[in-house]
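Q:
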Amino acid sequence: MPAGDTDLDEFFAHGVSDGLPVVPPTRARVSQALEASGRAGSELIAEVPPNYGRATVEKIAVNAVMAGCRPEYVPVVIAAIAAICDPAFDLHGVSATTNAPTPLLVINGPIRGKLGVNCGAGVFGPGWRANATIGRAVRLVCVNLGGARPGIVSMSTFAHPGRYTYCIGEHEEVSPWPSLAVEHGFTPDDSTVAVLAADAPLTVYDQRSRTAPDVLATIAGSLAVVESHKMTHWGDTLVVLGPEHARTIADDGWDKARIRRFLWERLQRPVCELVPGRDGGDGLPEHVLRKFPQPETDTTPIPKFREPDNLKIVVAGGTAGRFSAIVPGWSFARGSRLVLRKIASP
Amino acid sequence: MTDDYLDPTDSVAVPRKTAARPASLDGKVITLLDISKAKGDHLLDRLEALLRERARPKAIVRKRKPTFARPAPDDLRREIVGATDVLVEGLAD
Amino acid sequence: MHDGVFFEDHGIPTATIISSEFVRAARAQADALGATEYRTVVVPHPIQPLTREEVQALADKVYDEVVRRVTT
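Chains as they are written, first to last, in the working numbering: chain U, 1 to 346; chain A, 347 to 439; chain F, 440 to 511.
#1: Can you check whether the C-beta of residue 418(A) is within less than 7 Å of a C-beta belonging to chain U?
#2: Looking only at its own chain, which residues have a Cβ that is under 7 Å from the Cβ of residue 182(U), when we skip the five neighbours before and after it?
#3: Would you call residue 25(U) buried or exposed, if buried means 16 or more other Cβ atoms sit within 10 Å of its Cβ?
#4: Taking DSSP as the reference, what is the three-state secondary structure of residue 9(U)?
#5: Exposed or buried, which one is residue 230(U) when buried takes at least 16 other CB atoms within 10 Å?
#6: Could you tell me the distance, in whole angstroms, from the CA atom of residue 307(U) to the CA atom of residue 236(U)?
#7: Would you mind sorting residue 12(U) into buried or exposed? The rule is 16 or more other CB atoms within 10 Å of its CB.
#8: When the Cα of residue 36(U) is compared with those of 149(U), 76(U) and 72(U), which residue comes out closest?
#9: Which chain A residues are close to residue 494(F), counting only those with a beta carbon under 7 Å from its beta carbon?
#10: Can you name, in chain order, every residue of its own chain whose Cβ lies under 7 Å from the Cβ of residue 1(U), other than the five neighbours on each side?
#11: Does chain A have any CB closer than 7 Å to the CB of residue 442(F)?
#12: Identify every residue that forms a DSSP beta bridge with residue 398(U).
#13: Listed from N- to C-terminal order along the chain, which residues in the segment 147-164 of chain U have their beta-carbon within a distance smaller than 7 Å of any beta-carbon of chain F?
#14: For the candidate residues 400(A), 399(A), 424(A) and 396(A), whose alpha-carbon lies nearest to that of residue 409(A)?
#15: Decide yes or no for the touch test of the segment 63-72 of chain U against the segment 133-153 of chain U: beta carbon pairs closer than 8 Å, at least 3 of them.
#16: Do you know offhand how far residue 221(U)'s Cα is from residue 215(U)'s?
#17: At a CB-CB cut-off below 9 Å, which residues of chain U make contact with residue 358(A)?
#18: Return the CA-CA distance between residue 165(U) and residue 134(U), expressed in angstroms with no decimal places.
#19: Just the C-alpha distance for residue 392(A) and residue 199(U), rounded to the nearest angstrom, thanks.
#20: Would DSSP call residue 302(U) helix, strand or coil?
#21: Looking at the C-beta of residue 99(U), does it have a partner C-beta in chain A at a distance below 7 Å?
#22: According to DSSP, is residue 59(U) part of a helix, a strand, or is it coil?
#23: So the alpha helix (DSSP H) residue 28(U) belongs to, where does it begin and stop?
#24: Within 7 Å of any Cβ in chain U, is that where the Cβ of residue 464(F) sits?
#25: For residue 333(U), count neighbouring C-beta atoms within 10 Å of its own C-beta (all shown protein chains included) and say buried if the count is 16 or more, exposed if not.
#26: Using 7 Å as the limit for Cβ to Cβ distance, is residue 467(F) near chain A?
#27: Is the segment 170-184 of chain U touching the segment 291-302 of chain U, taking contact as three or more C-beta pairs under 8 Å?
#28: Would you mind working out which of 253(U), 310(U) and 228(U) sits nearest residue 265(U), comparing C-alpha positions?
#29: Based on the DSSP secondary-structure assignment, which residues constitute the bridge partners of residue 150(U)?
#30: Using 7 Å as the limit for Cβ to Cβ distance, is residue 488(F) near chain A?
#31: What three-state label does DSSP hand residue 413(A) in the structure shown?
#32: Less than 6 Å between C-beta atoms, sequence neighbours within five positions excluded: which residues of the same chain meet that for residue 184(U)?
#33: Indicate the three-state DSSP secondary structure (helix, strand or coil) for residue 495(F) in the structure shown.
#34: Quick one: list the residues of chain U neighbouring residue 352(A), beta-carbon separation under 7 Å, in chain order.
#35: Look up residue 269(U) in the DSSP assignment and give the residues it is bridged to.
#36: Starting from residue 363(A), find everything on chain F with Cβ-Cβ shorter than 7 Å and list it in chain order.
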């Protein structure tokens, strides 16, 4: 491939872009990125499903350069690739399914400040190079090393805009509670990245609630329609509490465990409301229905989420605005789970 | 891609052949592997009935992988390889 | 696809049944692994809304092809 004015077109022709122009991965740029990683280019981080291309540090650096990453972002990208290639994440399924998931990255720890990762206003939106390019680098690796080309191997009916880039920081500075990383066994001084096989975010509007149960009842109403109003036994899903909502909940003395328990209990429905053909043709799968001799009248509660712990809570977003957001996971039983990895310091 | 830029892709393709086929299923062990996508069991139920009726197999074994969203686990793969002559897998939709 | 390629690699003739919408994806996956000779058995998409009887009728239709795929 010759260098020159037309070279951006060449990347499109080779199918190695996400549809946006890429930064050409010259040797000079890639070696800068490698140097910032503090690792050998030949080190194998993972084999990327479903095609199992080898994600060496160098291949990751090439894709990170193309995505527009600054060299110092590369350790974050490396940790994110290790996380999505953990079997618990099921990248094979995520990249091939007709459903719409894509890895959402949630960054915790001091590296957020060092790299300028946005955790505040517009956290899911454009404007911050770290968020934009780290998320994009992960997408390019999924395509270029994993083979997740849309419409060929990746068969998602819709996908969603997060497949361009999907990376946020937790707004730890305004959170009343331990961070997502600390809840999963890391220390506040660790820098980590969490990956969730994630649908698009859904904003929850509640301006008037002044108590924890009131805010959370509204949020539960939005969680009730994750996937569909009759989906049950769902798994890891992210609840992003806006700082104002978080403050209201914390002022009532509630911790994250109590929030999870409240939401989980509220999000159960009786078998009789979940029978296929009642209020929609979908509903409880056959193997579940078989456990109830008369499902049409059975009132046994069925949980929307398998366990309270499937509801993952972070605080993020701007300090003005009484909003939260739901990020549905792609997380049926034995499917994808949230995975966290520590980001190595170079 | 060439000298000017480093290649962001990797290929792990190795040339592979398909397995040798028997002339018929007469006296063979046939494994039907359900990938655990809804309705696949209905298809395999019917294929099993037809195979018993028409193919005179030695045995038909039914297996099920835990989820369609992942390749079959290694232990299930090994179990099948050691105990079957042919395999029918479905249904991916 | 990975299962089918694995079993063929291990000497087990395999018929993988897929719906018509996934022909291209299956081909791409098999090729990416180098299994260019690998062939699937295709039923019409969609499957999920079908009744048991409708799915059985599909099995009747593809039975001969399934047998051909795993024999000479």
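Where is the CB? At the ideal position from N, CA and C, for every residue including glycine.
A: With the given structure in hand:
#1: Stepping through the second sequence from its first residue, residue 418(A) is reached at position 72. Residue 418(A) does not count as touching chain U.
#2: Numbered from 1 along the first sequence, position 182 holds the residue referred to as residue 182(U). For residue 182(U), where only same-chain residues beyond five positions count, the Cβ hits under 7 Å are 188.
#3: The sequence position of residue 25(U) within the first sequence is 25, counting from 1. With 16 or more Cβ atoms within 10 Å of its Cβ, residue 25(U) is classed as buried.
#4: For the purposes of this step, residue 9(U) is identified with residue 9 of the first sequence, where counting begins at 1. Correct three-state label for residue 9(U): helix.
#5: Position 230 of the first sequence, counted from the start, is the residue given in the question as residue 230(U). The residue in question, residue 230(U), is buried, as its Cβ has 16 or more Cβ neighbours within 10 Å.
#6: What you label residue 307(U) is simply residue 307 of the first sequence in a count that begins at 1. What you label residue 236(U) is simply residue 236 of the first sequence in a count that begins at 1. Approximately 9 Å, taken between the alpha carbons.
#7: Counted from its first residue, the first sequence places residue 12(U) at position 12. Result: exposed.
#8: Position 36 of the first sequence, counted from the first residue, corresponds to residue 36(U). Per the Cα distances, 72(U).
#9: On the third sequence, position 55 is the one that residue 494(F) refers to. Within 7 Å Cβ-Cβ: 385, 388 and 389.
#10: If you number the first sequence from 1, residue 1(U) lands on position 1. Here residue 1(U) scores only 45 on pLDDT, less than 50, and its place in the model should not be relied on; the value that follows carries that caveat. The answer, listed in chain order, is 7 and 10.
#11: By 1-based counting over the third sequence, the position of residue 442(F) is 3. Closer than 7 Å: yes.
#12: Past the edges of chain U, shown from 1 to 346, lies residue 398(U), and the structure says nothing about it.
#13: 147, 152, 153 and 155
#14: Here residue 409(A) is taken as the residue at index 63 of the second sequence, counted from 1. It is 424(A).
#15: yes
#16: For the purposes of this step, residue 221(U) is taken as residue 221 along the first sequence, with counting starting at 1. For the purposes of this step, residue 215(U) is taken as residue 215 along the first sequence, with counting starting at 1. Cα to Cα, residue 221(U) sits roughly 10 Å from residue 215(U).
#17: For the purposes of this step, residue 358(A) is taken as residue 12 along the second sequence, with counting starting at 1. Residues of chain U passing the Cβ test: 47, 51, 52, 53 and 54.
#18: On the first sequence, residue 165(U) is found 165 positions in, with the first residue counted as 1. On the first sequence, residue 134(U) is found 134 positions in, with the first residue counted as 1. If you take the alpha carbons of residue 165(U) and residue 134(U), they lie about 8 Å apart.
#19: Position 46 of the second sequence, counted from the first residue, corresponds to residue 392(A). Position 199 of the first sequence, counted from the first residue, corresponds to residue 199(U). One C-alpha to the other measures close to 37 Å.
#20: Along the first sequence, read from residue 1 onward, the residue named residue 302(U) stands at position 302. In this structure, residue 302(U) counts as strand in the three-state DSSP scheme.
#21: Taking the first residue of the first sequence as position 1, residue 99(U) is located at position 99. With 7 Å as the cut-off, residue 99(U) does not count as an interface residue toward chain A.
#22: On the first sequence, position 59 is the one that residue 59(U) refers to. Helix.
#23: Taking the first sequence and counting its residues from 1, the one referred to as residue 28(U) is at position 28. Taken as a continuous stretch (DSSP letters only), the alpha helix (DSSP H) holding residue 28(U) covers 27-37.
#24: The sequence position of residue 464(F) within the third sequence is 25, counting from 1. Answer yes: the Cβ-Cβ gap between residue 464(F) and chain U drops below 7 Å somewhere.
#25: Walking along the first sequence from the start, residue 333(U) turns up at place 333. With fewer than 16 other Cβ atoms within 10 Å, it is exposed.
#26: In the third sequence, the residue the question calls residue 467(F) occupies position 28. Chain A, which has no Cβ nearer than 7 Å to the Cβ of residue 467(F), makes this no.
#27: no
#28: Here residue 265(U) refers to the residue found at position 265 of the first sequence. Considering only alpha carbons, the answer is 310(U).
#29: Residue numbering aside, residue 150(U) sits at position 150 when the first sequence is read from its first letter. The partner list for residue 150(U) (beta bridge, DSSP) reads 154(U).
#30: Translated into positions along the third sequence, residue 488(F) becomes position 49. It does not: the Cβ of residue 488(F) has no partner Cβ on chain A nearer than 7 Å.
#31: Residue numbering aside, residue 413(A) sits at position 67 when the second sequence is read from its first letter. In the structure shown, residue 413(A) sits in coil (DSSP, three-state: anything other than H, G, I, E or B).
#32: Numbered from its first residue, the first sequence carries residue 184(U) at position 184. Closer than 6 Å at Cβ, skipping near neighbours: 340.
#33: Start at 1 with the first residue of the third sequence, and residue 495(F) comes out as number 56. Residue state, collapsed to three classes: helix.
#34: As a position in the second sequence, residue 352(A) is number 6, starting the count at 1. Correct list: 25, 27, 30 and 62.
#35: The residue given as residue 269(U) occupies position 269 in the first sequence. Per DSSP, 302(U).
#36: Here residue 363(A) corresponds to residue number 17 of the second sequence, with the count starting at 1. Here the neighbours are 476.
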